[in-house]
Ligand SMILES: Cc1cc2nc3c(=O)[nH]c(=O)nc-3n(C[C@H](O)[C@H](O)[C@H](O)COP(=O)(O)OP(=O)(O)OC[C@H]3O[C@@H](n4cnc5c(N)ncnc54)[C@H](O)[C@@H]3O)c2cc1C
Ligand code: FES
Ligand code: FES
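Structure representation (structure tokens):
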């Protein structure tokens with residue numbers, strides 16, 4: 001197999017439709033007789049629902065009204081624990097809990113009606129922070145507000161702490177973050193007794209929704225069909241949430257007897273749907289005078305919101321990444337996901353890893369500062385090397401040398417020159433101070449541990465009557481380039497031109513379950529299956545006598561269509577097989593957490609204006625080792641987009657909470673970076689192929705979210721000597737730290753270990 | 001209460017064709033384009049002027065169609081994304097977005113392309129800083145903007161190369 | 001879109017006279033709608049209590065910028081794009097262009113009007129501090145006639161103004177100074193928002209100070225975001241006028257400014273932040289003044 005397409009920047013498959021405005025997103029689609037749906041929400045953080053009243057001034061008889069009573073099957077959004085109701089029935093656990101659904105042909109009247117529904121709720125005490133949840137100021141979930149607890153143990157932590165020169169403790173926090181895809185959540189549902197439920201929507205994981213609809217309606221999979229339409233961004237925000245909105249639309253459609261469209265407006269999407277889990281991490285490090293970290297004791301907690309949803313999975317990824325790309329021999333990590341009374345937090349690019357990585361990477365700079373060791377140097381003294389083990393005991397098999405990556409990134413960023421220049425300039429009188437900071441990290445590809453084995457993803461390829469080859473997968477194009485990359489991989493496997501390959505619309509009635517579009521798995525895991533399936537199809541064709549090697553693209557197409565004409569169909573499937581070396585123990589969190597990791601060094605140059613306390617990123621270098629770059633333009637685009645989101649999370653994107661509800665639920669008040677707020681983002685790649693990825697590719701989608709937060713805040717430390725323990729480091733946060741002159745010993749408590 | 005049946009007649013040009021529709025007095029231009037004229041290229045990302053996904057060009061000026069009562073477009077000439085390509089022949093900006101990674105999920109792309117077209121009509125040789133400023137009202141969550149800047153600058157190069165070629169041909 | 005569209009009305013009389021007549025006939029019933037960049041946002045949020053609007057966007061009488069020897073006069077419908085394109089403003093009143101270029105993004109600058117900004121009376125609006133610093137006047141017109149009011153007396157409280165319900169903002173006038181005097185004038189505008197574009201100011205600061213030698217002969221300092229109205233800090237100005245730049249008591253005058261502002265906590269920022277930044281920007285102004293008279297270094 002020769003790479004002719006892989007490694008080149010072929011035009012994005014669906015780009016023509018996108019640049020001409022022809023691409024059809026869910027709000028651009030309508031069906032005959034279709035009406036609109038909306039959701040009445042609780043507004044109260046926690047309470048008991050006493051009654052529902054339909055207020056005056058609305059022609060209620062024209063409306064379809066759905067409550068929990070109308071649910072034919074089980075009132076839950078099926079995911080892991082099924083604790084989240086589809087519609088609240090008696091109990092309210094967060095202020096955006098859906099209680100009543102309404103549908104009407106006039107969407108403006110619908111909105112008026114929504115406001116006219118009166119919910120009678122007795123309020124109960126609620127919990128709004130990780131600390132309160134752990135302290136059980138009120139018990140709002142289970143017995144102790146804890147959704148899940150995991151630990152990782154390596155070596156002997158007690159001994160490490162007893163024998164270290166110094167122990168440094170730091171407390172770090174990260175805020176919630178809204179995915180802020182520019183297309184809000186939306187679906188259309190139709191229902192008929194024969195066909196069951198059909199969903200068209202903006203979504204990442206068609207089979208998640210199918211699995212949610214089955215118990216809700218008490219139907220078999222053949223009567224729950226999900227079709228993905230063009231999707232205007234997801235970033236995790238359309239991973240599990242669409243199961244909720246699809247369920248709602250489907251319930252309305254069943255009762256209405258006509259298709260129902262629900263499109264959230266921005267305020268509803270922001271307030272009611274998932275966000276990145278807020279976190280707080282206590283890192284205690286046992287360190288030798290030379291900067292070697294001999295022990296890490298980490299307490300990592302995330303706020304899961306009102307229902308468990310995916311929190312345990314987010315927790316596990318956060319935990320596994322908490323000790324970073326370092327060889328520290330003695331590690332203890334406690335992870336807890338807790339319940340609070342806000343809408344459930346959910347999947348968002350990085351999935352827990354950015355949170356725990358923020359804490360460790362910040363802490364390393366604080367340690368370095370305390371010991372007088374430069375940020376690059378302290379990392380060099382601790383990097384893991386191939387053959388050594390990570391926190392879970394996983395032996396590093398990737399052929400990676402973090403020192404080499406670090407050298408290259410520092411060189412690209414002009415680290416040495418800038419350090420010297422800033423040191424001089426910052427002594428001058430002006431109000432602007434500059435600094436440079438870095439973060440080094442890794443990110444695991446695919447589902448954690450045995451996750452991929454349980455998923456057992458399947459991909460198909462089929463020949464069309466006119467001789468094209470269509471990839472059949474439930475993996476969705478959400479902007480990241482699935483269609484294009486699959487076409488490149490299949491094209492090279494078959495040795496045909498790019499245009500010969502089509503990618504089928506994800507539709508559970510026609511495509512096999514290739515697993516969810518999450519966890520940076522689409523290119524590596526699913527892409528490998530595309531390759532395998534394509535090779536299978538090619539084998540069949542070669543064996544049929546219709547095609548001989550060597551062949552041209554035209555000959556291949558002819559042979560394909562001849563085969564279809566002769567035999568009716570030509571299909572090949574591939575199912576995931578776990579690489580044989582992977583051993584993972586879910587109970588002890590020991591073993592090979594991921595088949596492979598991508599490795600990265602990110603460097604941020606930042607200026608801080610001491611008049612306004614604004615930090616601005618002036619330059620950003622993002623270097624990563626990703627196995628193989630399948631499509632240079634798409635890959636760079638992924639990194640640049642992820643870094644931009646990371647910069648947003650680090651400096652701008654502040655969710656203001658009021659009794660569990662997002663108070664700044666407008667784009668005006670929730671600040672994502674515009675085109676004038678971002679520095680040049682320079683994405684650089686290194687390649688060291690992974691034998692179980694297509695042409696060696698590893699994951700890149702989530703990785704870029706991990707580095708910007710700590711690199712930027714470390715650069716602020718370099719610029720003004722202030723160690724900021726939380727992000728977003730808004731000007732208000734920077735000001736308070738600046739005025740308090742937060743120094744390394746304030747952020748980070750140091751204890752010299754006395755030696756007898 | 002205004003009588004909802006009191007729709008007002010409205011006539012304006014869209015992509016070079018005159019259209020006549022009856023609209024509610026405060027119907028937004030965005031809704032009239034999308035729902036009455038079935039031009040769904042303009043998207044609603046926020047409904048409050050913040051994201052630029054609904055951007056169109058009215059009388060040669062880039063505006064957010066979610067902030068304009070359609071009646072204010074009476075007699076105006078409106079350009080939407082559907083009118084940027086000539087049939088299947090793409091505008092330089094569209095071609096560049098397609099080639100240089102300017103579109104990922106594509107939801108911001110119609111507004112982005114129109115903002116870029118509007119910029120190039122005013123300033124055919126923008127610097128990267130000019131591009132940044134001109135696009136600051138168009139939010140993109142996917143790309144981090146870098147590939148968008150590159151696309152716009154490449155589109156200028158193409159246009160300039162064509163111009164100098166046609167100069168040379170004369 | 002949370003508004004019940006059918007409940008709203010927009011009428012479009014063709015001329016200024018007709019609009020004024022309508023406003024006079026039923027004061028308070030119809031509200032003007034210009035570029036819509038404020039009104040439509042509230043409308044879409046379903047929070048627009050007022051339901052009847054009269055379109056003024058098409059009124060030719062409210063357009064145009066006229067430059068005379070003693071003033072620049074801007075029609076109420078002057079957009080931020082227009083402001084940035086006017087060369088006299090760029091030369092003599094640079095803060096107008098700065099404020100305009102930092103208002104929203106291009107699509108907002110193409111639609112948003114100065115008249116709308118003034119009438120909307122948000123304490124966080126960006127052009128008003130510059131207008132205050134330049135000692136602008138506002139023309140209010142009704143069927144009863146036209147009157148000019150000093151912009152300094154226009155805002156009376158949070159979102160309240162001296163404009164009567166039957167009056168339109170029709171023009172804004174900024175007085176010019178002798179061409180020779182330009183060189184002794186120091187302008188400082190600074191918008192501090194949550195990001196560099198499409199941002200509502202947390203604090204904005206505009207100062208126009210005339211210096212004769214090293215002596216301050218006139219000073220107008222205005223801030224947005226730190227009080228219920230865009231605020232001229234008159235006590236601070238008083239302390240500056242007559243003072244010598246080389247011997248300014250920066251700390252004492254800064255303390256005066258700090259007493260004049262009354263910022264609040266809200267979802268966009270904190271009172272502490274707003275106050276502190278206002279103080280810092282004042283210090284920055286004094287640095288600029290010193291640099292102007294050849295003392296100290298211009299801040300980077
Ligand atoms: C995304 C976005 C960003 C923005 N950014 C900024 C910013 O950075 N800085 C800033 O200051 N503002 C900003 N704004 C607010 C707004 O653009 C300005 O206030 C603008 O100047 C309003 O003008 P308009 O013509 O659009 O007003 P309209 O919305 O038409 O009207 C606003 C108010 O003024 C009244 N009115 C309008 N014209 C007249 C008149 N001639 N006489 C009497 N009353 C009148 C109306 O009745 C209404 O109450 C932003 C708005 C948006 C949507
Ligand atoms: S929808 Fe109009 S600007 Fe966002
Ligand atoms: S391409 Fe997705 S928002 Fe811009």
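Residue numbers (the numbering used here), protein chains in the order written: chain A, 1 to 756; chain B, 1 to 170; chain C, 1 to 300. Backbone N, C-alpha and C define an ideal beta-carbon position, used for all residues, glycine too. The model shown is predicted, which means the values in this text are computed figures rather than measured ones.
For residue 68(B), the chain C residues whose C-beta falls within less than 8 Å of its own C-beta are 36, 40 and 111, listed in chain order. Distance check between residue 279(C) and each of 221(C), 216(C) and 121(C) places 221(C) closest, using alpha-carbon atoms only. Three or more beta-carbon pairs separated by less than 8 Å link the region 422-441 of chain A to the region 712-720 of chain A, which places the two stretches in contact. Contact check between the region 47-57 of chain B and the region 136-153 of chain B: three or more CB pairs, one atom from each, fall below 8 Å, which counts as touching.
Assignment of residue 175(C) by DSSP, reduced to helix, strand and coil, places it in the strand class. Residue side-chain check: residue 115(C) places its Cβ nearer than 7 Å to a non-hydrogen atom of ligand 1. Interface with chain A (8 Å Cβ-Cβ cutoff): residue 289(C) is excluded. Rounded to the nearest whole angstrom, the C-alpha separation of residue 324(A) and residue 582(A) is 20 Å.
Under DSSP, residue 148(A) shares a beta bridge with 337(A).
With 6 Å as the limit between CB and the heavy atoms of ligand 2, the residues that fall short of it are 44(B), 45(B), 46(B), 47(B), 49(B), 50(B), 51(B), 52(B), 53(B), 54(B), 64(B) and 66(B). Measuring C-alpha to C-alpha distances from residue 580(A) to each of 82(A), 555(A) and 691(A) identifies 691(A) as the nearest.
Under the 8 Å criterion on CB atoms, residue 418(A) is classed as non-interfacial with respect to chain C. For residue 509(A), same chain residues with a beta-carbon under 6 Å away, outside a window of 5 residues either side, are 225 in chain order. For the region 424-446 of chain A, the set of residues with a beta-carbon nearer than 7 Å to any beta-carbon of chain C comprises 429, 430, 431 and 432, in chain order. At least one CB of chain B lies nearer than 8 Å to the CB of residue 104(C). Residue 380(A) sits in a helix when the DSSP states are folded into three classes. Chain-order list of chain C residues neighbouring residue 27(A): empty, with the shortest C-beta distance near 12 Å, by a criterion of under 9 Å.
Ligand 3 approaches residue 109(B) closely enough that one of its heavy atoms is under 7 Å from the residue's Cβ.
Closest in alpha carbon position to residue 28(A), among 19(B), 36(B), 24(B) and 28(B), is 36(B).
Closest option to residue 238(C), judged by alpha-carbon separation, among 226(C), 260(C), 229(C) and 225(C): 260(C). The Cβ of residue 98(B) sits closer than 8 Å to at least one Cβ of chain A. Residue 39(C) sits buried, since 16 or more C-beta atoms from the chains shown fall within 10 Å of its C-beta.
Nearest CB-CB separation between residue 13(A) and chain B: not below the 8 Å threshold. For residue 576(A), no chain B residue has a Cβ inside 9 Å of its Cβ, as the nearest lies near 27 Å away. Around the CB of residue 252(C), fewer than 16 other CB atoms lie within 10 Å, so the residue is classed as exposed. Between the region 132-145 of chain A and the region 667-681 of chain A there are fewer than three C-beta pairs closer than 8 Å, too few to call the two in contact. Residue-level contact by beta carbon holds for residue 63(B) and chain C, with a gap shorter than 8 Å. The beta carbon of residue 39(B) sits closer than 6 Å to the beta carbons of 33, 80 and 82 from its chain, once the five residues preceding and following it are set aside; these are given in chain order. A direct Cα-to-Cα measurement between residue 455(A) and residue 33(C) gives close to 57 Å. In chain order, 93, 96, 97, 99, 100, 101, 102 and 116 place their CB closer than 8 Å to the CB of residue 151(B), counting only its own chain and leaving out the 5 sequence neighbours on each side. Residue 47(C) is outside the set of residues whose beta carbon lies under 8 Å from a beta carbon in chain A. Where residue 66(B) is concerned, there is no enclosing beta strand (DSSP E), because DSSP gives it neither an H nor an E. For residue 708(A), the CB contacts under 6 Å within the same chain, skipping 5 residues up- and downstream, are 643, 646, 647 and 650 in chain order. Within the region 89-164 of chain C, the complete alpha helix (DSSP H) segments at least 4 residues long are 94-101, 106-111, 114-120 and 127-133, listed from N- to C-terminus. For residue 256(C), the enclosing alpha helix (DSSP H) starts and ends at 250-260.
In this structure, the alpha-carbon of residue 196(C) lies about 23 Å from that of residue 65(B).
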